[in-house]
Structures are given as C-alpha cells and as structure tokens.
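A.B. asks: This is the structure I have questions about; it appears just below.
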Ligand SMILES: NC(=O)c1ccc[n+]([C@@H]2O[C@H](COP(=O)([O-])OP(=O)(O)OC[C@H]3O[C@@H](n4cnc5c(N)ncnc54)[C@H](O)[C@@H]3O)[C@@H](O)[C@H]2O)c1
C-alpha cells in the first residue's frame with residue numbers, strides 16, 4: 001500500500017538505475033519524496049520519470065563529495081550499490097577481493113560520510129542495502145560478498161550509534177535472493193558452468209524456504225517504511241527480508 005508518508009522529504013538513492021535501487025527510488029517518489037536518483041550507468045535512468053537523475057560512480061570519493069555538495073538537506077539516504085563475487089575464498093583472487101571491497105564497502109563509506117553532514121542538523125533516515133547472504137547466514141560461494149556485506153552491517157550499527165544524538169537513524173536491509181537484472185546474470189553464469197539453466201535457477205530458488213525469489217518491490221516496501229517516521233523507534237538493525245532463510 002502506498003501512502004504519502006514521505007511528503008516534503010528529500011531522498012537520495014544510489015544505484016537507482018535498476019533492481020532494488022530503482023524499485024526503492026520509485027516507491028519513495030510515489031510516497032511523496034523529492035527523489036535524487038543516481039547510478040553508474042546514467043542511461044538506465046533515462047525512462048525514470050518524476051525524479052532528479054544523475055550519473056554517479058559511488059566508488060569515486062571526489063564525485064560523491066561533489067554530488068552531495070548540491071544538497072542543503074537530505075532527509076533519506078538509500079545506498080544500494082553492491083557487487084556479488086561468486087566463489088569460495090580459494091576461488092577469490094586478491095583482485096576479486098579488492099573489487100568487492102571497493103564497490104560494496106568503500107562506496108558505503110564515501111556515500112554515508114558525504115551525506116551525514118547534510119542530515120545532522122535535522123535528523124533523517126539512512127538505509128543501507130546489505131544482504132543476508134554469508135553476512136548473517138552462511139551460504140555457498142559468497143566469501144568476499146558476505147565479508148563486505150557484513151562490513152556494511154557493521155558500518156550501519158556504528159553510524160546508528162554515533163548519530164542517534166543527531167536524530168539520524170541507520171538500518172541495513174538484508175535481502176536473500178531477489179529477482180533483479182544482476183541475479184539473472186548470475187543465473188546465466190551458473191547455467192553455463194552447469195550446462196543446465198533450470199538447475200542453475202533451482203540452485204538459487206532452493207535457498208529460500210518460500211520457494212520463490214523476492215521482488216524488488218517487496219524490498220522497496222521495507223525501505224520506504226524504514227525511510228519514514230513510522231519506523232522512528234528502529235535504528236542500528238540488520239533486518240532480514242529473505243523468504244524464511246532465517247527462521
Ligand atoms: N538481487 C539480489 O538477490 C540481492 C540480494 C541481496 C542484496 N542485494 C543487494 O542489493 C543491491 C542492489 O542489487 P540489485 O540486484 O537490485 O541490482 P543490480 O545489481 O541489478 O543493479 C545494480 C545497479 O548498481 C549500479 N552500480 C554498480 N556499480 C555502481 C557504482 N560504483 N556506483 C553507482 N552505481 C553502481 C549498476 O549500474 C546497476 O544499475 C546490491 O547492493 C546487492 O548486493 C541484492
């Protein structure tokens with residue numbers, strides 16, 4: 001159900017070109033927020049109406065600082081950038097590890113540290129898209145991914161603690177497997193390795209007791225709740241939205 005609970009709020013969403021970031025930016029817009037949507041691939045934003053659009057590489061600290069400088073005030077920040085490396089620790093090269101750290105963890109550092117000064121005066125809500133996968137629940141072939149998302153959860157808790165006196169809340173949303181373009185790419189990769197598309201899809205589906213993928217819109221609903229004042233008592237939490245994995 002959509003309400004106008006984010007009316008008069010300024011919401012900044014990274015990785016808003018597709019998948020969870022896009023669905024969240026759409027939902028925040030539909031709930032009345034002025035949405036500033038950015039993505040590494042700005043062309044993905046071309047068909048996104050009713051929002052401010054910008055190309056932004058969240059791994060570039062100077063670009064992030066310049067982008068955030070335009071805001072006098074940010075009420076809601078959703079940081080959705082992340083990178084999935086598929087593999088055990090032995091299958092993860094130092095280059096894979098560093099790429100995972102740069103995209104998933106460094107980007108969170110750059111984006112949150114640049115946005116927080118714009119939230120301190122009046123408070124606000126930060127939502128980091130983390131993951132349940134190998135950060136909360138061990139799952140196969142997610143060594144680097146799990147480590148970096150665990151880092152995002154740690155940063156979330158630390159920010160929640162340090163900025164509670166400023167009225168800033170910070171929570172991590174932890175999905176399991178959500179049907180997005182990047183998931184489809186991972187299924188394709190696995191299908192090639194296995195030589196069987198339906199087995200590859202089944203590998204991902206069987207991880208979720210509900211027996212289906214989540215939808216980006218389901219994740220967006222939780223993000224909108226956390227962005228809104230309805231969730232004012234919730235901060236520093238890593239909230240699983242995972243089709244029953246954590247039962
Ligand atoms: N899809 C899932 O199953 C799933 C599960 C748990 C967590 N997540 C997390 O949700 C987030 C979104 O994933 P998704 O699958 O919805 O999206 P996706 O991977 O399909 O799309 C990601 C978007 O991020 C953008 N992007 C990539 N690098 C960027 C950068 N350096 N700066 C700015 N934008 C960048 C891409 O251009 C793309 O538009 C990620 O953090 C991911 O780890 C996804």
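In the numbering used here, the protein residues as written are 1 to 247. We put the CB at the ideal spot given by N, CA and C, even for glycine. Bear in mind the structure is a predicted one, so any value in this text is a computation, not a measurement.
Would you list the residues sitting across from residue 36 in a DSSP beta bridge?
C.D. replies: 12 and 52
A.B. asks: Taking 9 angstroms as the cut-off, decide whether the C-beta atoms of residue 149 and residue 86 are in contact.
C.D. replies: no
A.B. asks: Restricting to Cα atoms, I'd like to know which of 125, 213, 241 and 182 is closest to residue 230.
C.D. replies: 125
A.B. asks: So, do the stretch 154–164 and the stretch 192–205 have three or more beta carbon pairs nearer to each other than 8 angstroms?
C.D. replies: no
A.B. asks: Is there at least one non-hydrogen atom of ligand 1 closer than 8 angstroms to the beta-carbon of residue 216?
C.D. replies: yes
A.B. asks: Does the beta-carbon distance from residue 13 to residue 24 come in below 9 angstroms?
C.D. replies: Closer than 9 angstroms, so yes.
A.B. asks: Does at least one heavy atom of ligand 1 sit under 8 angstroms from the Cβ of residue 12?
C.D. replies: Not under cutoff, so the answer is no.
A.B. asks: Assuming the contact rule is C-beta atoms closer than 8 angstroms, residue 100 and residue 145 should be a hit. Round their C-beta distance to whole Å, please.
C.D. replies: 6 angstroms
A.B. asks: By a C-beta neighbour count over all protein chains shown, 10 Å radius and 16 as the cutoff for buried, is residue 31 buried or exposed?
C.D. replies: Label assigned to residue 31: buried.
A.B. asks: Following a CB-centred definition, is residue 181 positioned closer than 8 angstroms to any heavy atom of ligand 1?
C.D. replies: yes
A.B. asks: Measuring alpha carbon to alpha carbon, tell me which of 131, 36 and 54 ends up nearest residue 76.
C.D. replies: Check the Cα spacing between residue 76 and each of 131, 36 and 54: the tightest is with 36.
A.B. asks: Restricting to Cα atoms, I'd like to know which of 109, 220 and 49 is closest to residue 154.
C.D. replies: 109
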